[in-house]
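A short write-up of the structure that comes next.
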Amino acid sequence: MDEFFHKNLKPVWLLSNFVLFFFYLLVYKGSNKKYKEQNLKDLQLRLGFLGTGTITNAVIRGICKSDLKVNSIIISSRNAQIARKLSHDFSNVEIAKNNQEIVSRSNLLFVALRTQIAEQILKSLIFHKGQKIVTFVPTTTCAILSGWVDNVVPVLRAVPLPFVAEHKSATPIFPADADLRKIFAKTGGVIEARNEHQFNLFMIASSLMGIYFHFSGLCDEWMQDRGLAPKQSSLYLATLFLTLSDEFAKQIPIDFKALEQKYSTKGGTNELIISAFEEKNGGKALKSALDEAFYYITKKADVDL
Ligand SMILES: NC(=O)c1ccc[n+]([C@@H]2O[C@H](COP(=O)([O-])OP(=O)(O)OC[C@H]3O[C@@H](n4cnc5c(N)ncnc54)[C@H](OP(=O)(O)O)[C@@H]3O)[C@@H](O)[C@H]2O)c1
229 MDEFFHKNLK PVWLLSNFVL FFFYLLVYKG SNKKYKEQNL KDLQLRLGFL GTGTITNAVI
289 RGICKSDLKV NSIIISSRNA QIARKLSHDF SNVEIAKNNQ EIVSRSNLLF VALRTQIAEQ
349 ILKSLIFHKG QKIVTFVPTT TCAILSGWVD NVVPVLRAVP LPFVAEHKSA TPIFPADADL
409 RKIFAKTGGV IEARNEHQFN LFMIASSLMG IYFHFSGLCD EWMQDRGLAP KQSSLYLATL
469 FLTLSDEFAK QIPIDFKALE QKYSTKGGTN ELIISAFEEK NGGKALKSAL DEAFYYITKK
529 ADVDL
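Counting in my numbering, the sequence shown runs from 229 upward without gaps.
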């Protein structure tokens, strides 16, 4: 029996083990939940956008003003005014009849819908293999959105800002992806978050735009209440903040404490304002607002810390 096994069955046994192992690599490892970078197979970028609002407008303008080769861009008719203007300004932008047409004709689909309606719209659409979804929706993790589309296509996240239209802001993405890298490298730069927790931190940092203008507005208001004309105060603040931003972009890594000291004369008014601000818990208020925003976007999420 032993001899029979060695002569006749052992090669079959070895071969079947090899086949099983190969199968394991192909199926089990291949279906590993972690996203592995996949280049779009046909090397064509056929972009689709669900929702034609502020951010879609900016991303498309940024792409079309760059030298990136994009085969087609298909957009929704909502918002009608923005959609008409985009298709008028760029020959490769086309307005679809409905959302399903956008999904069917794109291989990279951007979800630029407001949080409140994204789930309902995505659940009503049919997706196809070979397609990737990129969501701009801040409160939705990759896992949640995957569930809305029956896990049929990979889901990525990006947080572009309106300044991508002028190639002036970097876009955080997660997970790493060659096609997204290619696109956002052309519109101001790409930042690859290492995990979804990091991505959410960038997401919150991108929400500092409002408070930045709120802070600037408060300073402006204070100056005008005490006697300056709007033109004088706003212009002065605009040039001051522009110069300060230039200053800190000069050094990498940026040492904010050192900059604070460099621009605060000992015993002077800069130092006085910082200490009055901290005495009144200004720093604490800002950090707790950031914590609140972080909780707001992650509370429903299964985030890996
Ligand atoms: N703006 C930013 O700086 C920014 C930055 C990063 C991420 N985001 C996120 O990106 C998403 C989009 O933001 P946004 O600022 O571009 O919002 P937005 O300007 O309000 O655009 C959303 C668009 O979706 C359209 N829409 C509504 N129902 C639709 C439907 N059934 N089918 C297709 N389109 C529909 C709206 O059209 P109508 O106007 O006709 O209703 C609107 O034009 C949000 O989740 C936002 O949080 C925004």
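No residue lacks a Cβ here, since even glycine has one placed at the ideal position from N, Cα and C.
| query | result |
| --- | --- |
| Segment contact, 8 Å Cβ cut-off, at least three pairs: the segment 330 to 349 with the segment 269 to 287 | yes |
| Collapsed DSSP secondary structure at Ile-354 in the structure displayed | coil |
| Reduced DSSP category for Phe-277 - H, G, I as helix; E, B as strand; rest coil | strand |
| Candidates Ile-482, Val-298, Tyr-263: closest to Arg-176 by CA position | It is not possible to answer for residue 176, since the shown part of the chain is limited to 229 through 533. |
| The segment 347 to 360 in contact with the segment 288 to 304 per 3-pair CB rule at 8 Å | no |
| Continuous beta strand (DSSP E) stretch holding Ile-323: start and end | 321 to 323 |
| With 16 other Cβ atoms within 10 Å as the buried cut-off, status of Met-437 | exposed |
| Ligand 1 heavy atom lying under 7 Å from the CB of Pro-400 | no |
| Status (buried if at least 16 other CB within 10 Å, exposed otherwise) for Glu-424 | buried |
| Under 7 Å, CB to nearest heavy atom of ligand 3: contacting residues | Of the ligands one can find in the structure shown, namely ligand 1, none is ligand 3. |
| Straight-line Cα distance separating Lys-351 from Ala-529 | Note that Ala-529 has pLDDT 49, beneath the 50 cutoff, so the model's placement of it is unreliable and no number is given. |
| Contact check, Pro-366 vs Met-451, beta carbons under 8 Å | no |
| Enclosing alpha helix (DSSP H) for Ile-502 [first to last residue] | 497 to 507 |
| Among Leu-389, Ile-361, Val-387, the one whose alpha carbon lies nearest that of Val-377 | Ile-361 |
| For Lys-512, the first and last residue of its enclosing alpha helix (DSSP H) | 510 to 526 |
| Unbroken alpha helix (DSSP H) run spanning Thr-284, endpoints | 282 to 292 |
| Residue(s) in a DSSP beta bridge with Ile-401 | Ala-386, Glu-420 |
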